[in-house]
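S.K.: Using the numbering used here, the letters of the sequence shown correspond one by one to residues 1 to 63.
The beta-carbon is built from N, C-alpha and C at its ideal position, and this holds for glycine as well.
Please see the structure below; I have some questions.
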Amino acid sequence: MRFPSHVYTPAAPQINHRLNNVFGHKKSQVLTKLVMILASQINFFLITSVYIILYVPLLLQFA
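Written as structure tokens, this is what we have:
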């Protein structure tokens with residue numbers, strides 16, 4: 001079963017393919033998972049920091 005690339009992370013197959021050439025199949029699957037986890041963590045932190053930056057001034061006005 002294939003994921004539509006715009007829903008699933010489009011970078012994953014390319015990253016996986018590159019790493020396959022360098023490290024071999026098993027290691028590259030683990031590395032791809034790690035990269036994806038890291039990417040999602042970074043996204044999460046970016047989103048939360050943007051929300052904090054936006055909402056802190058509002059909260060200070062009401063304090």
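Please report the straight-line C-alpha distance between Gln41 and Asn20, rounded to a whole angstrom.
M.R.: Between Gln41 and Asn20, the C-alpha separation is close to 24 Å.
S.K.: How would you call Arg18, buried or exposed, if buried means at least 16 neighbouring beta carbons within 10 angstroms?
M.R.: With fewer than 16 other Cβ atoms within 10 Å, it is exposed.
S.K.: Could you tell me the alpha carbon to alpha carbon distance between Gly24 and Leu38, rounded to whole angstroms?
M.R.: Their backbone Cα atoms lie some 21 Å apart in a straight line.
S.K.: Can the beta-carbon of Thr32 be found less than 9 Å from the beta-carbon of Asn43?
M.R.: Taking 9 Å as the Cβ cut-off, Thr32 and Asn43 do not qualify as a contacting pair.
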